[in-house]
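Number of protein chains: 4
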Amino acid sequence: MPTREVSARIDFEVTEATELEFQIAVAHRRGVLVEEELTFTANGRDVAATEFAASHGGRIHVLRDVAPTSGTAWYRARIEVQDGRDDAGTAGATADLHDRSLYLRPSRYVPVDRFYPFAASEFGTADPIPAERPYETAAAVTSWVAKRMAYLPVSDSHTDAADTLLASAGVCRDQAHLVIALLRALNVPARFVAVYAPGCDPMDFHAVAEALGPDGWRVYDPTGLAPRNSLVRIATGRDAADTAFLDNHGGSLNLTGTTITATVPGALPADDPAERVRLP
Amino acid sequence: MPTREVSARIDFEVTEATELEFQIAVAHRRGVLVEEELTFTANGRDVAATEFAASHGGRIHVLRDVAPTSGTAWYRARIEVQDGRDDAGTAGATADLHDRSLYLRPSRYVPVDRFYPFAASEFGTADPIPAERPYETAAAVTSWVAKRMAYLPVSDSHTDAADTLLASAGVCRDQAHLVIALLRALNVPARFVAVYAPGCDPMDFHAVAEALGPDGWRVYDPTGLAPRNSLVRIATGRDAADTAFLDNHGGSLNLTGTTITATVPGALPADDPAERVRLP
Amino acid sequence: MPTREVSARIDFEVTEATELEFQIAVAHRRGVLVEEELTFTANGRDVAATEFAASHGGRIHVLRDVAPTSGTAWYRARIEVQDGRDDAGTAGATADLHDRSLYLRPSRYVPVDRFYPFAASEFGTADPIPAERPYETAAAVTSWVAKRMAYLPVSDSHTDAADTLLASAGVCRDQAHLVIALLRALNVPARFVAVYAPGCDPMDFHAVAEALGPDGWRVYDPTGLAPRNSLVRIATGRDAADTAFLDNHGGSLNLTGTTITATVPGALPADDPAERVRLP
Amino acid sequence: MPTREVSARIDFEVTEATELEFQIAVAHRRGVLVEEELTFTANGRDVAATEFAASHGGRIHVLRDVAPTSGTAWYRARIEVQDGRDDAGTAGATADLHDRSLYLRPSRYVPVDRFYPFAASEFGTADPIPAERPYETAAAVTSWVAKRMAYLPVSDSHTDAADTLLASAGVCRDQAHLVIALLRALNVPARFVAVYAPGCDPMDFHAVAEALGPDGWRVYDPTGLAPRNSLVRIATGRDAADTAFLDNHGGSLNLTGTTITATVPGALPADDPAERVRLP
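Chains as they are written, first to last, in full-length UniProt numbering: chain A, 1 to 280; chain B, 1 to 280; chain C, 1 to 280; chain D, 1 to 280.
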């Protein structure tokens with residue numbers, strides 16, 4: 001797979017002392033080589049962040065006790081995917097059981113407890129049943145969401161998948177939440193991934209869904225904004241509550257600018273919707 | 001149209017002094033003859049209720065300052081519909097404008113503001129547009145709701161039409177709310193009617209939707225529990241908030257029994273879903 | 001009471017054929033003299049609106065079949081309040097019963113069914129009980145809302161009083177909804193009024209709450225943005241769903257400008273929070 | 001600390017083939033000795049469950065491909081707490097950062113994103129700020145919730161902490177969610193624990209909140225149904241979505257009986273609300 005180059009620059013202004021968490025560094029994953037640079041400045045000086053591990057290779061960088069000031073987070077990485085092997089075979093049955101259990105549960109933006117009847121009514125009558133053919137079900141759900149949703153910034157930090165179903169519109173995050181809600185309701189484990197997305201236009205942080213089947217996790221994107229096989233994983237979790245690129249605990253903050261880049265050498269690869277794509 | 005006979009007996013126990021409102025008497029409507037009896041007893045004695053007019057011929061009977069006691073409301077009526085003429089011609093254009101405005105608005109259990117995109121996505125692409133053929137649209141929406149909803153008591157006093165869409169289930173009140181929400185979202189004025197329903201099984205108070213078109217209001221019932229042309233109108237409003245058969249203001253109350261009857265002489269008439277039925 | 005002069009200019013652009021409803025004309029009320037001018041233009045020409053009566057003297061002006069075009073609504077009025085007599089005495093007991101029943105019910109933005117326990121827990125333990133001293137209760141609730149809410153534009157067309165309670169912020173419409181929700185939950189009938197508000201800064205359409213007590217309706221405004229005794233009633237209803245200054249049925253529309261004025265001659269009167277003010 | 005003895009018997013009837021997950025076994029925790037027995041029977045025979053690890057020592061037992069049948073889960077354990085040492089010192093700073101990040105996030109039943117303004121308005125004005133004295137804040141919030149909530153079964157599987165705030169009532173699960181929501185909103189990490197609770201009356205599975213401070217996690221219980229220092233941890237997570245004692249994936253199931261026991265030898269210890277209690 002090709003090399004990808006990504007970067008993020010986040011300018012912020014702390015107006016009341018706070019603690020900041022960043023999820024902008026590429027996840028540590030088997031067979032993914034990352035050469036990277038990450039710096040934080042506040043008040044014109046470099047400041048040190050503490051890194052700790054989030055789930056599925058994700059990494060969180062925290063700046064504690066940030067006094068009111070302006071600052072910048074700057075990240076740059078060159079990624080090479082050396083090894084296409086799947087998690088499924090290596091991680092083994094117990095990890096699968098854990099993930100299967102976790103990613104069927106309701107979460108903040110994916111209240112699957114409210115979706116069972118609607119999902120059954122819309123998708124559930126097929127034979128074999130949806131959960132027995134998870135990848136086909138994920139493709140069908142993704143296509144349904146793609147067809148019904150307008151890509152529009154109508155959501156806010158309270159918008160969950162039930163709101164998005166009614167709104168029939170949303171950005172990448174909302175559409176991924178709706179795919180995940182319908183899949184979990186059909187008994188297909190599904191999770192949320194924040195990614196760098198070469199080809200995304202306008203370029204920004206992007207978000208997609210992953211569904212778990214017999215061969216492991218596969219990636220689905222109802223927005224079709226970027227080819228799936230060039231995506232670079234940042235953070236993985238139940239929904240957007242787990243993957244915010246910037247979290248602010250206790251104080252106040254304004255974002256004054258974000259610039260994201262993500263490229264592959266040469267032309268972007270095509271994305272065949274019928275293909276099952278694994279996100280390393 | 002045939003004679004109908006209806007009755008309601010409501011036994012209650014006031015546990016904290018309160019004011020009670022009943023909407024159990026048949027509405028006063030043009031061409032509808034009602035011979036009726038209505039008595040209230042509390043603590044073993046007859047008590048007097050005050051009647052006042054609600055919208056569209058509805059009548060509310062209020063008992064003020066009811067001390068803790070057990071009581072009964074007893075209603076019995078014989079209804080003859082003498083005159084099938086429509087409201088539309090008689091009430092005239094201004095009443096139509098008023099109703100049209102009122103019954104397109106969002107209400108407690110019909111938050112139509114949340115339904116526009118979903119309704120457009122599910123029904124809105126037809127030509128001519130749904131609002132230009134209101135009765136056909138009402139029939140199509142009713143049929144869609146009937147097909148997707150299970151008749152199950154999954155709702156409570158907070159359940160609105162958006163909840164019902166996700167639950168894919170509800171009782172008559174919930175299904176009527178969902179029909180009304182979709183219709184208003186498609187720009188077809190729609191309202192809620194509490195009725196006596198000969199043939200309803202199990203027998204109980206029933207609720208249906210009405211849609212406004214060029215010939216006036218027509219009645220739609222996704223539950224199909226009773227033939228529409230035998231229904232008897234009690235209360236009419238925006239949604240179930242306007243038609244509760246018993247409202248309690250300020251104190252506490254237990255219902256200890258309700259018995260409803262509604263009959264027509266001879267066999268029940270058939271209900272052809274394709275027919276447009278006016279509810280007197 | 002002093003003369004008031006008000007005006008509203010609303011510029012709009014219809015992008016898809018629609019029907020428009022305006023509620024910008026001052027309500028017809030006993031003892032209120034209105035000298036006014038109201039014109040609508042579309043595509044550079046005068047167009048005729050149809051007026052019909054809304055509740056409590058409100059008037060709705062409707063433009064049917066407005067083709068895509070730019071247009072303007074222009075209203076100007078001079079109001080004199082000749083007569084301070086109350087509705088209560090004149091309208092009589094039956095109207096009171098009707099209003100009392102109507103304005104205790106849940107409505108779209110005032111889901112009082114969800115507020116009973118919270119209101120009881122926050123306000124309900126007093127003796128005499130809140131419903132027996134409605135004006136004192138309304139003053140206490142208004143003061144509580146004023147203290148807890150920031151005046152911030154955090155709401156949208158889906159925001160109800162429960163959302164506002166959590167958000168602890170909102171504009172006049174939201175704060176009025178929260179006052180009304182708490183009052184209805186305490187068994188005090190309460191309604192929503194859209195008004196012209198001399199002194200409001202920034203000048204805009206304004207909204208307040210009214211509470212019903214033994215002397216009739218009295219007006220409460222948690223925002224304190226304008227003296228209550230200079231307000232001019234436009235529309236009255238259950239909540240903002242009944243009083244939108246512009247409703248669009250079926251098509252699409254952009255607002256391109258609104259300019260509101262409202263003045264009294266000389267200095268604004270003071271508003272003593274302890275005073276009970278009747279809005280004519 | 002005293003020995004505790006606990007047991008759970010869960011009888012169920014599978015009506016459509018499914019996969020079952022049980023969280024009824026006591027968590028594996030440092031210094032907690034557990035001697036236990038766990039058996040599953042279906043259709044009269046013993047069946048084998050697969051155990052996998054959940055977070056914080058929790059254990060999930062899964063029965064896959066359970067055909068329609070009646071069955072029983074039977075668990076019995078004797079617990080001795082040998083070692084009162086805290087996690088905080090041993091687990092170290094990185095684990096703390098991880099937990100701190102995780103348990104400030106919004107989750108399904110704890111939509112903290114909706115609680116910031118309300119919590120700030122109710123608790124936030126103190127000096128020092130609430131997050132700087134997490135245990136005092138947790139005690140204050142617990143006491144506030146205890147005072148405002150009735151212990152009533154008014155909730156269902158969709159009820160979140162915002163619903164509970166309005167309802168002013170709920171069972172242990174709901175009250176714990178509300179405590180957690182207010183704490184996270186005040187920047188105090190908080191999580192949900194399902195426990196065996198000697199002394200609980202009526203005896204059932206119980207749920208409490210934990211708050212993170214400089215000395216580690218401490219337990220808070222607004223219901224006061226059982227002394228905190230006798231609780232036995234089963235499952236720990238963001239909210240009740242992570243700790244269901246029985247989850248059903250894909251099929252249908254009826255619970256036909258649950259019997260829980262939990263005892264300590266001799267008299268129950270007293271629970272001093274002012275004491276900070278660590279749950280092993």
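Ideal placement from N, C-alpha and C gives every residue a C-beta, glycine not left out.
Compare the C-alpha of residue 51(C) against each of 24(C), 72(C), 185(C) and 33(C) and name the closest.
-> For this step, residue 51(C) is matched to residue 51 along the third sequence. If we check each option's Cα against that of residue 51(C), 24(C) comes out closest.
Check: residue 82(C) C-beta below 6 Å from any heavy atom of the ligand PLP = Of ligands this structure carries none, so the ligand PLP is not represented either.
Per DSSP, residue 74(A) forms a beta bridge with which residues?
-> In the first sequence, counting from the first residue as 1, residue 74(A) sits at position 74. Beta-bridge partners of residue 74(A) (DSSP): 9(A) and 39(A).
Excluding the 5 residues preceding and the 5 following residue 42(B) in the sequence, name in chain order all residues of the same chain whose CB lies nearer than 7 Å to its CB.
-> By one-based count along the second sequence, residue 42(B) stands at place 42. The residues are 66, 69 and 71.
Provide the residue span of the beta strand (DSSP E) that contains residue 193(B), from first to last.
-> The count along the second sequence starts at 1 and reaches residue 193(B) at position 193. Per DSSP, the continuous beta strand (DSSP E) segment holding residue 193(B) begins and ends at 190 to 196.
To the nearest angstrom, how far is it from the Cα of residue 192(D) to the Cα of residue 182(D)?
-> In the fourth sequence, the residue the question calls residue 192(D) occupies position 192. In the fourth sequence, the residue the question calls residue 182(D) occupies position 182. Spanning the two alpha carbons is a distance of roughly 13 Å.
In terms of alpha-carbon separation, which member of 208(B), 186(B) and 201(B) lies closest to residue 175(B)?
-> Here residue 175(B) refers to the residue found at position 175 when the second sequence is read from its first residue. Ranking the options by Cα distance to residue 175(B), first place goes to 208(B).
Under 7 Å between C-beta atoms, does residue 33(B) make it to chain A?
-> Position 33 of the second sequence, counting from 1, holds the residue named residue 33(B). Not closer than 7 Å to any Cβ of chain A, the Cβ of residue 33(B) fails to qualify, so no.
Please compile the residues from chain F whose C-beta is within a distance smaller than 8 Å of the C-beta of residue 130(A).
-> In the structure shown, chain F cannot be found, because the protein chains are A, B, C and D.
In angstroms with no decimal places, state the Cα-to-Cα distance between residue 89(C) and residue 96(C).
-> Locating residue 89(C) in the third sequence gives position 89, counting from the first residue. Locating residue 96(C) in the third sequence gives position 96, counting from the first residue. Caution is warranted here: a pLDDT of 43 is assigned to residue 89(C), below 50, making its placement in the model unreliable, and the coordinate value is therefore given only provisionally. In a straight line, the C-alpha of residue 89(C) is about 10 Å away from that of residue 96(C).
Beta strand (DSSP E) containing residue 252(C): first to last residue?
-> As a position in the third sequence, residue 252(C) is number 252, starting the count at 1. 252 to 263 is the span of the beta strand (DSSP E), which, as asked, contains residue 252(C).
Bridge partners - residue 232(D), DSSP secondary structure assignment | The count along the fourth sequence starts at 1 and reaches residue 232(D) at position 232. 196(D).
In terms of residue numbering, what span does the alpha helix (DSSP H) encompassing residue 176(B) cover?
-> As a working mapping, residue 176(B) is identified with position 176 in the second sequence. Here the alpha helix (DSSP H) through residue 176(B) covers 172 to 185.
In this structure, what does DSSP give as the bridge partners for residue 211(D)?
-> Here the question's residue 211(D) lines up with position 211 in the fourth sequence. Paired residues: 190(D) and 218(D).
Inter-residue spacing [alpha-carbon to alpha-carbon] between residue 114(D) and residue 162(C) = Locating residue 114(D) in the fourth sequence gives position 114, where the first residue counts as 1. Locating residue 162(C) in the third sequence gives position 162, where the first residue counts as 1. For residue 114(D) and residue 162(C), the distance between alpha carbons rounds to 11 Å.
Which of the residues in the UniProt domain "Transglutaminase-like" (164 to 224) of chain A, read from start to end, lie with their CB under 8 Å from any CB of chain B?
-> 165, 166, 167, 168 and 169
Proximal chain B residues relative to residue 158(C), where beta-carbon distance stays under 8 Å | Taking the first residue of the third sequence as 1, we reach residue 158(C) at position 158. Near residue 158(C) (Cβ distances below 8 Å), the residues of chain B are 111, 113 and 114.
Three-state secondary structure (DSSP) of residue 107(C) | Along the third sequence, read from residue 1 onward, the residue named residue 107(C) stands at position 107. Residue 107(C) falls in the strand class under three-state DSSP.
Could one say the Cβ of residue 97(B) lies closer than 7 Å to chain C's Cβ atoms, at least one of them?
-> Sequence index remark: in the second sequence, residue 97(B) carries index 97 (1-based). Chain C, which has a Cβ nearer than 7 Å to the Cβ of residue 97(B), makes this yes.
Please state whether DSSP places residue 148(C) in a helix, a strand or coil.
-> Taking the first residue of the third sequence as 1, we reach residue 148(C) at position 148. Looking at residue 148(C) - three-state DSSP - the assignment turns out to be helix.
Residue 81(D) in three-state terms, based on DSSP = Position 81 of the fourth sequence, counting from 1, holds the residue named residue 81(D). DSSP places residue 81(D) in strand when its eight states are reduced to three.
Is the Cβ of residue 117(C) closer than 7 Å to any Cβ of chain D?
-> Taking the first residue of the third sequence as position 1, residue 117(C) is located at position 117. Closer than 7 Å: yes.
Compute the beta-carbon to beta-carbon distance between residue 107(C) and residue 241(C), rounded to the nearest angstrom, for a pair I have assumed lies under 8 Å.
-> Taking the third sequence and counting its residues from 1, the one referred to as residue 107(C) is at position 107. Taking the third sequence and counting its residues from 1, the one referred to as residue 241(C) is at position 241. Yes, residue 107(C) and residue 241(C) are in contact; Cβ-Cβ is about 7 Å, under 8 Å.
Applying a beta-carbon distance threshold of less than 7 Å, which residues of chain D neighbour residue 62(A)?
-> Here residue 62(A) refers to the residue found at position 62 of the first sequence. Chain D residues near residue 62(A): 97.
Is residue 98(B) helix, strand or coil when you go by DSSP?
-> Working through the second sequence from its first residue, we reach residue 98(B) at position 98. Residue 98(B) falls in the helix class under three-state DSSP.
Between the Cα of residue 204(D) and the Cα atoms of 2(D), 8(D), 3(D) and 4(D), which residue gives the shortest distance?
-> Sequence index remark: in the fourth sequence, residue 204(D) carries index 204 (1-based). Nearest of 2(D), 8(D), 3(D) and 4(D) to residue 204(D), Cα basis: 8(D).
Simplified DSSP assignment, three categories, for residue 123(B) | Here residue 123(B) is taken as the residue at index 123 of the second sequence, counted from 1. Here residue 123(B) sits in helix by DSSP.
Do residue 280(B) and residue 81(B) have their CB atoms nearer than 7 Å?
-> What you label residue 280(B) is simply residue 280 of the second sequence in a count that begins at 1. What you label residue 81(B) is simply residue 81 of the second sequence in a count that begins at 1. Contact flag set, yes.
Which partner residues does residue 204(D) have in the DSSP bridge list?
-> Start at 1 with the first residue of the fourth sequence, and residue 204(D) comes out as number 204. Within the DSSP bridge table, the entry for residue 204(D) names no partner.
Kindly say whether residue 250(B), judged by its beta-carbon, lies nearer than 7 Å to any beta-carbon of chain C.
-> One-based indexing of the second sequence puts residue 250(B) at position 250. Yes, contact with chain C.
Taking residue 231(B) as the reference, give the member of 120(B), 154(B) and 196(B) with the closest Cα.
-> In the second sequence, counting from the first residue as 1, residue 231(B) sits at position 231. The shortest Cα separation from residue 231(B) among 120(B), 154(B) and 196(B) belongs to 196(B).
Residues in its own chain within less than 6 Å of residue 13(B) by CB, not counting five upstream and five downstream?
-> On the second sequence, position 13 is the one that residue 13(B) refers to. Once the five neighbours on either side are set aside, the close Cβ partners of residue 13(B) are 70, 254 and 256.
Among 277(D), 259(D), 233(D) and 194(D), the one whose alpha carbon lies nearest that of residue 32(D) = Here residue 32(D) corresponds to residue number 32 of the fourth sequence, with the count starting at 1. Selected option, being the one with the closest Cα: 233(D).
In three-state terms, what does DSSP make of residue 275(D)?
-> Here residue 275(D) is taken as the residue at index 275 of the fourth sequence, counted from 1. Coil at residue 275(D), not helix or strand.
Which listed residue (278(B), 272(B), 248(B) and 169(B)) has its alpha carbon closest to that of residue 116(C) | Within the third sequence, the letter at position 116 stands for residue 116(C). If we check each option's Cα against that of residue 116(C), 248(B) comes out closest.
For residue 194(A) versus residue 211(A), is the C-beta distance shorter than 7 Å?
-> Taking the first residue of the first sequence as position 1, residue 194(A) is located at position 194. Taking the first residue of the first sequence as position 1, residue 211(A) is located at position 211. Taking 7 Å as the cut-off, the Cβ atoms of residue 194(A) and residue 211(A) do not count as close.
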